[in-house]
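Novice: In this note's numbering, the protein residues as written are 2 to 258.
All residues carry an ideal CB built from backbone N, CA and C; glycine is no exception.
From a predicted model like this one, the values you see are computed outputs, not experimental measurements.
My structure is below; once you've seen it, I'll send some questions.
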Ligand SMILES: C[S@@+](CC[C@H](N)C(=O)[O-])C[C@H]1O[C@@H](n2cnc3c(N)ncnc32)[C@H](O)[C@@H]1O
């Protein structure tokens with residue numbers, strides 16, 4: 002006896018196999034939809050808010066008066082999904098022209114400040130960079146697209162652990178996070194080709210100067226909340242050249258026990 006079901010292609014519908022073929026077609030459609038949904042979900046961190054990210058780059062970074070020019074920095078700002086580094090409830094504010102709360106009384110810095118500080122560092126693809134003040138992990142993610150290795154220190158342990166998990170989840174595998182007091186730097190991994198400090202001490206920490214490679218740069222806000230300047234430092238042997246580049250308002254650098 003001929004087994005019609007075994008020999009009939011699924012899309013060739015015979016009256017006797019009508020119900021069977023309809024079932025197979027439906028199953029295939031469901032499978033295709035599931036696969037489509039999975040691929041959309043996989044690429045979501047990058048595609049979601051892509052229009053807002055583009056607008057952020059054009060209006061907040063490139064626009065006259067903002068003048069961020071480094072194309073590698075602009076590309077990194079255009080691709081890192083900032084909304085993944087803010088609490089879910091505040092996701093829709095991720096691309097506004099200002100800081101956003103991230104819990105524990107801390108904030109993710111304004112996009113312009115992230116781009117400006119990154120540009121001041123003049124990051125090179127082979128650099129190893131130290132960041133003090135991991136916060137959400139966003140600045141570390143931006144740097145990770147531009148340099149070889151990023152070392153970042155956060156004094157609030159739950160923030161450090163959350164940033165570490167988010168960076169790993171999003172595939173920023175060249176970032177190492179440490180929970181501790183960044184005033185002391187990370188001597189085991191020194192010297193660094195660049196150092197970026199995203200909380201404000203009242204003076205420039207000497208351990209950080211010592212851990213900066215000769216000839217290279219540090220950006221650091223210094224001073225009390227209402228009278229803070231962002232400094233660009235360049236180390237030349239035992240001398241440190243310093244230049245105030247922007248008035249800013251960062252949270253104070255707190256000290257560990
Ligand atoms: C403005 S937030 C940093 C934003 C962060 N770079 C980002 O991309 O989200 C400043 C951070 O510095 C941290 N901080 C303050 N004092 C510190 C210290 N001594 N060592 C390390 N982190 C410190 C704060 O807890 C806070 O998370």
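Please classify residue 76: is it buried, with 16 or more other beta-carbons within 10 angstroms of its beta-carbon, or exposed?
Specialist: That one is exposed.
Novice: What number of angstroms, rounded off, separates the C-alpha of residue 67 from the C-alpha of residue 174?
Specialist: Taking the straight line from one Cα to the other gives about 31 Å.
Novice: Excluding the five sequence neighbours on either side, which residues of its own chain have a C-beta within less than 6 Å of the C-beta of residue 133, listed in chain order?
Specialist: These residues qualify, in order along the chain: 154, 183 and 198.
Novice: From residue 98 to residue 220, what does the alpha carbon distance come to, in whole angstroms?
Specialist: Roughly 21 Å between the two C-alpha positions.
Novice: So is the beta-carbon of residue 232 under 7 Å away from any non-hydrogen atom of ligand 1?
Specialist: No, ligand 1 has no heavy atom inside 7 Å of this Cβ.
Novice: How many Å lie between residue 161 and residue 60 at the Cα?
Specialist: So the two alpha carbons sit approximately 31 Å from each other.
Novice: What residue does the beta strand (DSSP E) around residue 139 start on, and which one ends it?
Specialist: First-last for residue 139: 139 to 145, but that is the alpha helix (DSSP H), not the beta strand (DSSP E).
Novice: Which residue marks the beginning of the alpha helix (DSSP H) containing residue 70, and which one marks its end?
Specialist: From DSSP, residue 70 is part of no alpha helix (DSSP H); its letter is neither H nor E.
Novice: Helix, strand or coil for residue 44 per DSSP?
Specialist: Note that residue 44 scores 48 on pLDDT, short of 50, meaning its location in the model is unreliable; the coordinates nonetheless yield the value given after this. Reduced to three states, the DSSP call for residue 44 is coil.
Novice: Whole-angstrom Cβ separation of residue 237 and residue 257, contact assumed at under 8 Å?
Specialist: About 31 Å; that fails the 8 Å criterion.
Novice: Which word fits residue 226, buried or exposed, when buried means at least 16 other C-beta atoms lie within 10 angstroms of its C-beta?
Specialist: Exposed.
Novice: Three or more C-beta pairs under 8 Å: does that hold for the segment 113 to 127 against the segment 138 to 151?
Specialist: Result yes; three or more Cβ-Cβ pairs closer than 8 Å.
Novice: Among residues of its own chain, excluding the 5 on either side of residue 165, which ones have a beta-carbon nearer than 6 Å to its beta-carbon?
Specialist: So the list reads 178, once near-sequence residues are dropped.
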